[in-house]
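If you're matching them up, the sequences are chains A and B in order. Going by the working numbering, the first sequence opens with residue 1, and the numbers climb by one from there. Going by the working numbering, the second sequence opens with residue 1, and the numbers climb by one from there. Even glycine gets a Cβ: it sits at the ideal position worked out from N, Cα and C.
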Amino acid sequence: RKEVEQDPGPFNVPEGATVAFNCTYSNSASQSFFWYRQDCRKEPKLLMSVYSSGNEDGRFTAQLNRASQYISLLIRDSKLSDSATYLCVVNIPGGFKTIFGAGTRLFVKA
Amino acid sequence: DTAVSQTPKYLVTQMGNDKSIKCEQNLGHDTMYWYKQDSKKFLKIMFSYNNKELIINETVPNRFSPKSPDKAHLNLHINSLELGDSAVYFCASSQDMGLPFPYEQYFGPGTRLTVT
């Protein structure tokens, strides 16, 4: 099982739709989780951290399910500008390392 | 006032050559990283330095040698380039290593390396 796995997509959704991505991780001791966004031919940028209690930032909601070892990202009222690749990031305890998932591609169409 | 900068942005070279990529951050961060993103878009850590000290050294061929002259710079030298080295190389920095919770990483714009 890979350390971090994401559905590569692509997810094709119309503007205004709600879309959700999941990311599973293999190390049950992982404590820190993030979602990064990467636009085409650009660098990754932090979208949001994922807290145990779940957190929301505008149209974006991140959830953590420790029992099933996955995190999720929900995007409401999708905009054209949300089109990007969303990278799940998980820390590896004891190794000072964070692992990036391969990303989920999202296309939002008018 | 770019936070993390890399040079060059594009690098096209032939097999067997030696090349360097430079990275600088002006954020005052203690930790810097090199990542490789291959054609499948998989972003994989190569090296990490904290206060000029090597912390992470993944299974990377020893043709790759990082060098951190000071906290603000982390350069990557590659010897005897091979076709499989073609990828986008991203430099990143973070405030600290963040134990046990990693800090946000700020990425440079990437260096697109093509080996012919």
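task = At 7 angstroms on the CB atoms, spell out the chain A contacts of E104/B, in chain order.
result = L46
(message) Quick check: is the beta carbon of I183/B nearer than 8 angstroms to any beta carbon in chain A?
(response) Nothing about residue 183/B can be reported from this structure: the residues present for chain B run from 1 to 116 only.
**Study point:** S32/A - DSSP class collapsed to helix/strand/coil
**Key:** coil
TODO: Output the boundary residues of the beta strand (DSSP E) element that contains C23/A.
DONE: 19-25
**Study point:** Where the beta strand (DSSP E) containing C91/B begins and where it ends
**Key:** 87-94
Short CB-CB distance (under 8 angstroms) between G110/B and chain A: yes
task: Can you grab the Cα-Cα spacing for the pair V19/A / A29/A, in whole Å?
output: 28 angstroms
**Prompt:** Is S80/B closer than 8 angstroms to G28/B when the C-beta atoms are compared?
**Reply:** no
Spatial neighbours of Q149/B within its chain, please: C-beta separation below 7 angstroms, excluding the five flanking residues on both sides. Since the first and last residues shown for chain B are 1 and 116, residue 149/B lies out of range.
- N-terminal and C-terminal residue of the beta strand (DSSP E) that E3/A is part of: No beta strand (DSSP E) contains E3/A, which DSSP labels as neither H nor E.
So, under 8 angstroms CB-CB, R112/B and Y10/B are touching, yes? Tell me the CB distance rounded to an integer number of Å.
5 angstroms
(request) Could you tell me if I53/A is buried or exposed, where buried requires 16 or more neighbouring beta carbons within 10 angstroms of its beta carbon? (result) The residue you asked about is not Ile; residue 53/A is Ser in the sequence shown. When all chains shown are included, S53/A counts as exposed.
Margin query: I need the boundaries of the beta strand (DSSP E) containing Y32/B, first residue and last residue.
Written below: Position check: residue 32/B holds Met in this sequence, whereas Tyr was assumed. It spans 31-37 - the beta strand (DSSP E) in which M32/B sits, taken as one unbroken run.
Practice problem: Would you list, in chain order, the members of the segment 78-91 of chain A that have their beta-carbon closer than 9 angstroms to a beta-carbon of chain B? | Solution: T85, L87, V89, N91
Okay, do the segment 80-90 of chain A and the segment 98-107 of chain A touch, 3+ Cβ pairs below 8 angstroms being the bar?
yes
Discussion item. Using a Cβ distance threshold of 8 angstroms, determine whether the segment 102-110 of chain B contacts the segment 43-63 of chain A, with at least three qualifying pairs required.
Written reply: yes
message = Does chain A have any CB closer than 8 angstroms to the CB of F47/B?
response = no
Checklist line | Where S81/A falls: helix, strand or coil (DSSP) | finding: helix
Span of the beta strand (DSSP E), counted from its first residue to its last, around P14/A
11-14
Using the C-alpha atoms, what's the distance from K22/B back to L106/A?
32 angstroms
Discussion item. Between V4/B and A92/B, how many whole angstroms is the CB-CB distance? I'm expecting something under 8 angstroms.
Written reply: 7 angstroms
Please state whether DSSP places L83/B in a helix, a strand or coil.
-> helix
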